[in-house]
Amino acid sequence: MTHVYDKPSKYTKEQLTRMFPYSLGEDIGNAVSHCVGAFIALGLLISLAWIAGHYGNWLDGLAFIFYGLTMLFMFVMSTVYHSMVNHLARSVLKRMDHVAIFILILGSYTPYVFSLLKTQRAYITYAVIFFLTILGVIFKAIYAGRFKRIGTLIYVLMGWASLVLMPQIIAKLPATGVAFLLGGGVIYTLGALFYAFSKFKYSHMVWHIFVIVAVVSVYASVAFYILQYR
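Add 783 to the 1-based position in the sequence shown for the numbering used here, that's all there is to it.
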């Protein structure tokens, strides 16, 4: 397998290092870890569709399926990006990889807002997150390879904006459902800090593992508690 650095390119070595900072071994680990995540997300998407069909209505189905699709999209984009060796394709896919995180954050709010809460505060919060997602998509489309820590901070702040809704969520869900949600948020945050500040080899793959665990934790809150306890 030819690594991205070994192929002829219009970019300088310095530009390639900034754009694609992983060795071949690291990229294999990054791709494999989120390929596993993609298969997990596919299974979770199927289960979300079944749960919504069994316990909910058509709006619940849309909310749950959209949430599941954003999970799958994020893992697929990450896998394809880390698997790609063409320089131009990697540059585009790097942007899609980062954009997908914003879309997943929006997707994660969706079942809580439209299936569980259905309140004015929830709808306003969702509108703000939707607007921030659009800004985030534009930001990452332009600056995907730059301002890493700023981008990570935006991810974390968008996720923890859910604290605005936490009193309403706590009033609706049992403690275990809330624990899965908050646990997922904590794992995402720890992983994001690790991603932003760690520089050792294979640290990005470790970040991927944080993401998989966090995704499953939030999924458990959505799948096993929202429709059953609203």
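Just so you know, even glycine gets a beta-carbon here, dropped at the ideal spot from N, CA and C.
Cβ distance (whole Å) where residue i is taken to contact residue j below 8 Å
i	j	result
I823	I995	7 Å
F885	G844	The pair is not a contact, with the Cβ atoms about 23 Å apart (cut-off 8 Å).
F847	L831	4 Å
L855	L889	The pair is not a contact, with the Cβ atoms about 14 Å apart (cut-off 8 Å).
R932	A979	5 Å
H881	G934	7 Å
Distance CB(residue i)-CB(residue j) smaller than 8 Å
i	j	result
L900	L965	no
I912	Y892	yes
I834	A1006	yes
Cβ neighbour criterion (16 or more within 10 Å) applied to residue i
i	result
H987	buried
K923	buried
P759	Any answer about residue 759 is impossible in this case: the structure gives the chain only from 784 up to 1013.
G808	exposed
Y1012	exposed
L1010	buried
H837	exposed
W990	buried
Bounding residues of the alpha helix (DSSP H) (the contiguous stretch that carries residue i)
i	result
Y985	Y985 -> no alpha helix (DSSP H), and no H or E assigned at all.
K931	931-943
N813	807-838
W897	According to the sequence provided, residue 897 is Phe. The question's Trp does not apply to it. Taken as a continuous stretch (DSSP letters only), F897 belongs to no alpha helix (DSSP H), as it is neither H nor E.
K923	903-926
Rounded C-alpha distance that separates residue i from residue j
i	j	result
A910	P894	14 Å
A872	T959	43 Å
I992	V1001	14 Å
I917	Y938	13 Å
M860	G851	14 Å
A975	K982	13 Å
I921	G820	26 Å
L876	L940	24 Å
S866	Y805	11 Å
Chain B contact for residue i (CB, 8 Å cutoff)
i	result
A910	The structure shown contains no chain B; it is built from a single protein chain.
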